[in-house]
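Report on one structure; see the data block that follows.
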Amino acid sequence: MRKWLFWLILPLMVGCQLGAPDQNAPLPILGEFEVVNGDTIYHTIRDFSFINQDSQEVNNQTFAGKAYVVDFFFISCPTICPKVKKQMLRLYERFKDEDKLVLLSHTIDTEHDTIPRLKKFATDLGVGLPQWQFVTGVKDSIYGIANDYFSIAQEDPNAPGGFDHSGRLILVDPQRRVRAFCDGTDPKSVDQFMEDVERLLGEMK
């Protein structure tokens, strides 16, 4: 699927996911794909390496055999981030005993959100490793990988707090494929998203 076409139909995919899905059917695999010699090759998340709130490296191998939920935020965000983190806390509480699921939050303010600040932020939320990883790294790498997740993360002096970013939560499977997403500021959207997480975990068993 051509990239421009995917972005055109993306809102329709969101609408479909907010409907009443067949709970017995597998989740769709989202993103661009191509057929090579009869095999369908799906969009996957690129290799990455970031540093978490405990100064540990977080990379693709960290999530080997696991599904994970992604978001992009910054600690001083004056708009959507507190709403999104409230919904991520709901996910954390529901799935904190599920060893096949991890939460991954990328700061997009790499200058100010230092490792000690990320650690304090996680501690203040009452969450910890390994269930919820807060990561920082090279700014361009974080902004670039946001595209892989069909999200937005970029500096914008005209945006509140100086950054333009999406409040989307994204579900990734163990094969590094995007399987679902939702509006992380909308509790009803997150309700459906949590059911999608359950469906993916069921597929993995």
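Residues -19 to -1, 1 to 186 in mature numbering (1 follows the signal peptide of the UniProt record, and there is no 0) are what the sequence shown lists, from first letter to last.
Quick reminder that beta carbons are idealized off the backbone N, C-alpha and C, glycines included.
Predicted, not measured: the structure shown is a model, and the values here were computed from it.
query, result
"Give every residue of the same chain whose Cβ lies closer than 8 Å to the Cβ of Ile151, excluding the five residues on either side of it in the sequence, and list them in chain order.", "Val50, Val51, Asp52, Tyr130, Phe131, Ser132, Val159, Ala161 and Phe162"
"Would the segment 111 to 120 and the segment 28 to 45 be scored as touching if the rule is three or more Cβ pairs under 8 Å?", "yes"
"Specify the secondary structure class of Cys163 as computed by DSSP and reduced to three states.", "strand"
"Take every Cβ of the segment 68 to 82, pair it with every Cβ of the segment 169 to 185, and state whether three or more of those distances are shorter than 8 Å.", "yes"
"Candidates Lys47, Ile126 and Phe144: which alpha carbon is nearest Asp28's?", "Ile126"
"Give the straight-line distance between the Cα atoms of Pro59 and Lys77, rounded to the nearest whole angstrom.", "27 Å"
"Determine the closest residue to Ser147 out of Leu84, Pro97 and Tyr124, with distance taken between C-alpha atoms.", "Tyr124"
"Can you give me the Cβ contacts of Ile22 inside the same chain, cut-off strictly under 8 Å, excluding the 5 residues immediately before and after it?", "Phe14, Glu15 and Val16"
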